[in-house]
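Contents: one structure, followed by commentary.
In this note's numbering, the protein residues as written are 8 to 88.
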């Protein structure tokens, strides 16, 4: 697993930077919703196989539309099986 992200202040950044750490500032309810999203993404990844590319939290849970983008994507380790 790897983490990538953009700085909120870097609107012109072309590619995400690899992160060494990520912190979620969230309520218990939000963490449970995010956990459910991640379980759904894992199931989708397994069921769709090679056709899975990425999934956005805000596409599944509209209450996160104004939050920073949270995206689950297939990485090299996942593609290797």
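In this text, a Cβ means the ideal position worked out from N, Cα and C, and glycines have one as well.
Just how far apart, CA to CA, sit residue 40 and residue 70?
Mapped onto the chain shown, residue 40 falls at position 33. Mapped onto the chain shown, residue 70 falls at position 63. Each residue's Cα considered, the two are about 10 Å apart.
Nearest CA to the CA of residue 57: which residue from 10, 36, 45, 80?
Residue mapping note: residue 57 aligns to position 50 of the chain shown, counting from 1. Answer by Cα proximity: 80.
Count the other C-beta atoms from every protein chain shown that fall within 10 angstroms of the C-beta of residue 11, then say buried if there are 16 or more, exposed otherwise.
Here the question's residue 11 lines up with position 4 in the chain shown. Under this definition residue 11 is an exposed residue.
How do the stretch 34 to 49 and the stretch 58 to 68 stand: do at least 3 beta-carbon pairs fall below 8 Å, yes or no?
As far as the Cβ criterion goes, the stretch 34 to 49 touches the stretch 58 to 68, which means the pair count is three or higher.
If we call anything under 9 Å between Cβ atoms a contact, is residue 24 one with residue 13?
Numbered from 1 along the chain shown, position 17 holds the residue referred to as residue 24. Numbered from 1 along the chain shown, position 6 holds the residue referred to as residue 13. Taking 9 Å as the Cβ cut-off, residue 24 and residue 13 qualify as a contacting pair.
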